[in-house]
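Number of protein chains: 2
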Amino acid sequence: MTAPLHEDRPAGPGRALPDTQQGMRRRNLARVLHAVRAEGPLSRAAVASRIGLTRAAVSTLVDELIRSGLLEELGPERPGRVGRPGSALALSGRGPAGIGAEIGVDHLAVCAVDLRGTTRSRAIRQGLNRGRSPGPVLAELTELIRRVVAEAEGEGLWPAGLAVAVPGLVARDARTVVRAPNLDWHDTDLGDLLPADLPLTVDNEANFGALAELWLGDGTPRDFLHVSAEIGIGAAVVVDGGLLRGTRGFAGELGHVPVQPDGPGCACGGRGCLEQYAGEEAVLRAAGLEPDEDRVGLLAGRAAEGDEDVRRALRDAGTALGVALTGAVNLLDPESVVLGGELSGLAPWLLPSLRDELARRTAGPACPVSVSRLGPQGPLLGAAHSVVRAVLDDPATVAERA
Amino acid sequence: MTAPLHEDRPAGPGRALPDTQQGMRRRNLARVLHAVRAEGPLSRAAVASRIGLTRAAVSTLVDELIRSGLLEELGPERPGRVGRPGSALALSGRGPAGIGAEIGVDHLAVCAVDLRGTTRSRAIRQGLNRGRSPGPVLAELTELIRRVVAEAEGEGLWPAGLAVAVPGLVARDARTVVRAPNLDWHDTDLGDLLPADLPLTVDNEANFGALAELWLGDGTPRDFLHVSAEIGIGAAVVVDGGLLRGTRGFAGELGHVPVQPDGPGCACGGRGCLEQYAGEEAVLRAAGLEPDEDRVGLLAGRAAEGDEDVRRALRDAGTALGVALTGAVNLLDPESVVLGGELSGLAPWLLPSLRDELARRTAGPACPVSVSRLGPQGPLLGAAHSVVRAVLDDPATVAERA
DNA sequence: GCTATTTCGTCATGCCGATTTACAAATTAG
DNA sequence: CTAATTTGTAAATCGGCATGACGAAATAGC
C-alpha cells in the first residue's frame, strides 16, 4: 500500500448518483457509453475489459443501451486476430441530439450534434444584436432552433436538450443572464423566452469554448487555461477535466488581474488591470483606431496589411497578457494555455510577445501556449456537446424517451 | 428535468473504487463513517436517513465497522423524544491512528491523531536543521516517530500510516523532496530513510496546512486560498474540498506572481515577483534587519514593540500581497483567503494594508481575508489528519488489520 | 398504572445486478 | 480438417440492499 493515501478529488462521470444498485447500474451504463465514445467501435468483450466488468454484465448493459437507441450494432468486425470476431458497437447516429445555440454581438447560431459528436444541422443568422432587447433576439433564435430541430428530426434524431452560449455573466441557475455588456442585457431569464419543451442550460461563451477545447481534442490536456476575449478578457480554468467556476460563478476574470499596480484606473475599481492593456477597446485606442463594429476583424485585417501601429498595439497587448498569465500559470501550474474564441484570429501578432514574456518570467521550461483549432466556433460546439455529454454521463435519464 | 445537465466535477470520498457490488459496499462503509464523523454520535437509524440507505443495510455496515474496530457503540441515547432510543455510534478511540510528522527549519515534530480527530500523542524536538544532511535529521525524526507510535499503542491505537510535511517541493510520487531551499535538500527520497513498516506520504507543508484548515474547521469554506510563507510565499488552492495540485504538482506558487512587471529581478528569472516585496528576506531587508534565525519571531517582536521601520515593511508587504491576491481572487473566485502557517503571527501588521488593497481593487464586496486558527501547527495536524481521512475514505483497506 | 403510539434494531425474504460456469459460434493456426 | 482461441449468451450463483414484520424500549394520553 504505497499508493497515495488520500484521494484529493476523485472524479468521473455521473458520480452524483446514490450508491444503491440502481445507481450502480446507471453508472455502468454511462461507463459503457464513455468507453465506446472514447475508443471508437468496440466489441462487447473489449468494452468489458476496458471498464472492468464481465462480458455477461456488459452484454445486458449493451442490450439496454441498444433498446434505448443510444448504441448501434455495426455488425461483425473483420480482424486478422484469432478467435471469433466481435460485433462492433458504436454510438447511435439516430438517437438523442444536443442542440447548441450562441448569442453573439453580431450573429445568432444554432447547431445540432449527435452522440457521435458530428454536427448534423446548423443555422446562422448574421445581424447586430448590440442594444436590442432580449425579446426579439430570442424570438429570432427560437426560429432558428425550430429549423435546426426540424432538420435533425428529419434525420431520425430527437433533441435531448438546449444549451445557450451568451457573451456575459450567467447566474448559477444556468438560466439567467446577470450582465452581458456587449448586448446591454441585465438580469434576463432566458428560460421565459425560449422553447419550454427542451431542458435548458445557459452559460458563458468562454466556458463553453473551454469545454469544446476539452472535449473535441484528443482528450489531453485535462488541465489548462482557456483565454478568450469579448469586450473584456475572460478565461476558463479547466482542472482535471472539469470547469472551475468559483463560489459565485465568477472564476476566470483574467481581465481584472493587475498587471501594473499603479496603472490607469479601471471600471472595476482597480488600477492597471489587464483589460486596460489588452482589452479590445484599449488595443483599438492604442492602435489609433475608432471603435468599429467588427472590431477583431478590423484589427486582424490591418495587422495583416502590415499596419505598424496595429502590430505594435497587439505586441504590447501580448506582453501584458504574458504578465497576467505568468501569475496564473504560477498559481495553477496548468499543462498549457490555449487562446480561443475571437482571440485566435489575432494570435499571429499576439503570440510572439506573449510567449516571450512568459518564458522570460519562468525558470525552466515555460508553459506552452497554443491556439484553439476551433477558433470562433468553439462556444457553439461546446454548448451542443454539453448536452450530449449530459446524456452520456447518465443515459438512464433519457432512455425512457426512446 | 431543469437541473443542470452536466456535472462538471462530481466529487465525493472514495470514488476511485470500481462500480461493482464490492465497490458499492466499500463506498457505503465510508459513507457511514463520514456521517458519524460529521454529525457526532448518531444512531443507526439516524445514519440511515443521512446517507439514504435503509436501517437494515446500515445495521450490517455498522456491524462490520464495529468488528473492524473503527466504530464504537456508546450505549443507548437518552433523549426526550418518543420511541425507543437509538444506540449511539461514535468513531473508535482505540482503532487506527494517523501519524503526522513535520520537518521544520528549526524543529521536528510528530503527533498521533485518532479517528475522532483528537491528538493522542506528540513529540517535539527543537534544533536547527538548516543545512544538515537528510540522514541524521531523518534518524532523529524516526526516533520521535517511534516514541509517538509507542505511546499511541499504549493507548490501544495502531498506526495506519505516516504523513510527513516538509518545507519544500515534493514530487508527485509523494516520497521525494525535489527541492527544500530552507534545508538545502535536493531530490531526496524520504522513503529510504524512514520506518518502512508504515505507508508513507510526503507533501508540502503549505498543502497540509490548507488541508488542516479545511478539515478542522466547521466544513466551510470548501473553496479558498490558503497562503503561507516559508522562505518564499506558498499558497494552496482548495477547490470544492480538494487540493489543486497542478500538472507537475507546482500549483500555488504565489511568490512568483508578478506584482510590478518591471521590478527587481528574481531568482526565478522574472521581475517584480511578489517574493521580492513580501518574502521573508525582502521584508527583513526593508525593515533594516539582519537575517536572524527566528526570522518571523524577530519581526513579530519588533513590530509589537512599535518599531516603525518594521511596521512599515510589513505594511508594504501586505500591500504587495494584496496586489497578488487580487489577481488570484479574480481568477479563482474563492469563498475566502486564509493566512496560515508562520504568516499568521504577522497578521496584525499585514492584514490592514492587505485588506485595503484588495478592497480598493475590487468592485462590490471584497473577498474576505481571515487568519488561520491553527497557526503554525496547521501543517503537522494536516499531515496526521490526512492519514485519518484516508482510512475514513476507504475503511476496507485497513479493516483487515484489526 | 395501563394502553396506544412511536421509534429503533434485527430478522426473514425477495429482488436486482454482477459473477461464475458452461457452451455454441466463428475465426485462425497448423 | 482439427485444435486453439475468442466472442456472445444462457443458467446458476452470490453479494448486497430493499421490503415488511416483529420485539424492544421509550413517550403520550387516559
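Respectively, the protein sequence lines represent chains A and B. Under UniProt numbering, residue 402 is the last one in the first sequence; the count climbs by one each step, no gaps. Under UniProt numbering, residue 402 is the last one in the second sequence; the count climbs by one each step, no gaps. In this text, a Cβ means the ideal position worked out from N, Cα and C, and glycines have one as well.
In the three-state reduction of the DSSP assignment, F208 of chain A falls in the helix class. Sequence-distant partners of T142 of chain A (beyond 5 residues in either direction) whose C-beta falls short of 7 Å from its own C-beta, in its chain, are L194 and P195. For the pair T118 of chain B and R147 of chain B, the Cα-to-Cα distance works out to about 18 Å. Residue state for D316 of chain A is assigned as helix, using DSSP reduced to three classes.
Relative to I103 of chain B, the option among B:L128, B:R81, B:L321 and B:G93 whose CA is nearest is B:L128.
Judged by DSSP in its simplified three-state form, S133 of chain B adopts coil rather than helix or strand.
Against chain A, the beta carbon of E335 of chain B has neighbours under 8 Å at T247, listed in chain order. Counting of Cβ neighbours within 10 angstroms places L254 of chain B among the buried residues, the total reaching 16 or more. Taking T201 of chain B as the centre and dropping the five residues before and after it, the same chain places the C-beta of A163 and A174 closer than 6 Å to its C-beta, in chain order. Neighbourhood of D223 of chain B in chain A, by CB distance below 8 Å: G246 and T247, in chain order. Residue burial is scored here from C-beta neighbours: G265 of chain B has fewer than 16 other C-beta atoms within 10 angstroms and is therefore classed as exposed. Under the Cβ criterion (8 Å, minimum of three pairs), the segment 267–287 of chain A does not count as touching the segment 380–387 of chain B. The beta-carbon distance between D240 of chain A and D218 of chain A, rounded to whole angstroms, is 17 Å. This is too long to meet the 8 Å contact definition. Put simply, the CB of E64 of chain B is far from chain A, with every gap to its CB atoms at 7 Å or more.
The contact set of H256 of chain B on chain A, defined by CB atoms closer than 7 Å, consists of N330 in chain order. The beta-bridge partner set that DSSP reports for I145 of chain A is empty. Taking 7 Å as the threshold, the shortest C-beta distance from D19 of chain B to chain A falls below it.
Residue pairing by DSSP places L89 of chain A opposite A:L42 and A:E73 in a beta bridge. In chain order, N330, L331 and D333 make up the part of chain B whose C-beta sits under 8 Å from the C-beta of E253 of chain A. DSSP places E102 of chain B inside the beta strand (DSSP E), whose first and last residues are P96 to I103. When Cβ-Cβ separations below 7 Å define contact, G269 of chain A makes contact with chain B. Taking a Cβ-Cβ cut-off of 9 Å, the neighbours of T362 of chain A in chain B comprise H256, C268, G269 and G270, given in sequence order. Counting other Cβ atoms within 10 Å of its Cβ, A366 of chain A reaches 16 or more and is therefore classed as buried. Beta-carbon to beta-carbon, L29 of chain A and V36 of chain A are separated by about 11 Å, too far to satisfy the 8 Å threshold. Interface flag for G327 of chain A against chain B is set, since a Cβ pair is found closer than 7 Å.
One thing to note: A363 of chain A has its Cβ no nearer than 7 Å to the Cβ of A317 of chain A. Beta-bridge pairing by DSSP links L200 of chain B to B:L162. Here A180 of chain A is not near G191 of chain A, since their CB atoms are 7 Å or more apart. Taking every protein chain shown into account, the CB of Q21 of chain B has fewer than 16 other CB atoms within 10 angstroms, so this residue is exposed. Taking 7 Å as the cut-off, the Cβ atoms of P221 of chain A and E39 of chain A do not count as close. Residue pairing by DSSP puts R125 of chain A in a beta bridge opposite A:L108. From the listed residues B:E72, B:G86 and B:D114, the smallest Cα separation to V387 of chain B is found for B:D114. Contact with chain A is absent for N204 of chain B, since none of that chain's Cβ atoms lies less than 7 Å from the residue's Cβ. Excluding its 5 nearest sequence neighbours in each direction, V237 of chain B has C-beta neighbours in its own chain below 7 Å: L225, L244, A251, G252 and L332, listed in chain order.
Beta bridge pairing from DSSP links H226 of chain A with A:A236 and A:V338.
Annotation for D189 of chain B: the continuous beta strand (DSSP E) segment containing it runs W185 to D189.
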